[in-house]
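Residue numbers (this note's numbering): 230 to 382.
Ideal placement from N, C-alpha and C gives every residue a C-beta, glycine not left out.
Computed from a predicted model, the values in this text were never measured in an experiment.
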Amino acid sequence: MGRKTGRSPAADTPKLSGSTLTRNQNSPARTVGSDGAQKCERECAACDGVTDMINLLPCKTCDSFYHPSCVNMLTDVFHTLSEILPDIGWVCNGCIDTISVKRKSLSCEMDDMSGTIQQLQHQISSLSKKFDELSVSTKNSQFTSVGLPASYH
Numbered sequence: 230m231g232r233k234t235g236r237s238p239a240a241d242t243p244k245l246s247g248s249t250l251t252r253n254q255n256s257p258a259r260t261v262g263s264d265g266a267q268k269c270e271r272e273c274a275a276c277d278g279v280t281d282m283i284n285l286l287p288c289k290t291c292d293s294f295y296h297p298s299c300v301n302m303l304t305d306v307f308h309t310l311s312e313i314l315p316d317i318g319w320v321c322n323g324c325i326d327t328i329s330v331k332r333k334s335l336s337c338e339m340d341d342m343s344g345t346i347q348q349l350q351h352q353i354s355s356l357s358k359k360f361d362e363l364s365v366s367t368k369n370s371q372f373t374s375v376g377l378p379a380s381y382h
């Protein structure tokens, strides 16, 4: 169900019978049907079929579009979800896989950082203890056996 790559520009040109097609590189194809109504069409990233956008699932992560049947979604489920999809969004399987890999990588990095932070905290604690010991030792060396500062002798 991955996105196809390496296609020629001719493969990106939809073939529609009975309508006029205009397409901008970054926008959906606009067709004018025999009834004169204008429709926005997109290509399904799974099967390359061109369909009216209202019948496609838009991925909110990669901006690809899919037929519900190409992602194993029942038509009834699609029609129920289509009312709320603009608000909640939908993510295709390819993006879910990419997100999972990135999340796993970030989790490993966070574990590594957590270990490094613990080591640094231990080093700080050890240095703080040594500093305190040096401070006490320095204060004690300023006094003679009678308890007066060395400058008074």
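Out of 307, 301 and 324, state which residue places its alpha-carbon closest to the alpha-carbon of residue 288. 324
Best match in 269, 306 and 305 for proximity to residue 294 [C-alpha to C-alpha]: 269
Proximity to residue 199 [Cα-Cα], best of 297, 291 and 290: Since the displayed the chain opens at 230 and closes at 382, residue 199 lies outside it and no answer follows.
For residue 276, collect the residues of the same chain with a Cβ closer than 7 Å to its Cβ; drop the 5 residues on either side in sequence, then sort them by chain order. 296 and 299
Backbone secondary structure at residue 252 - three-state DSSP: Any reading at residue 252 must be qualified, since the residue scores a pLDDT of 33, below 50, and its modelled position is unreliable; the value itself is stated next. DSSP places residue 252 in coil when its eight states are reduced to three.
Kindly provide the ranges of any alpha helix (DSSP H) runs that are 4 or more residues long and lie completely inside the stretch 304-367, ordered along the chain. 304-310 and 314-317
Is it buried or exposed, residue 286, if we count other Cβ atoms within 10 angstroms and call 16 or more buried? buried
What's the call for residue 366, buried or exposed, on a 16-neighbour Cβ count within 10 Å? exposed
Residue 281 - partner residues in DSSP beta bridges: 270
Could you tell me whether the Cβ atoms of residue 330 and residue 290 are closer together than 8 Å? no
If you count every other CB in all the chains shown that lies within 10 Å of the CB of residue 332, and 16 or more means buried, which is it? exposed
So what does residue 287 bridge to, in DSSP terms? 294
Just the Cα atoms here: how many angstroms apart are residue 305 and residue 282? 17 Å
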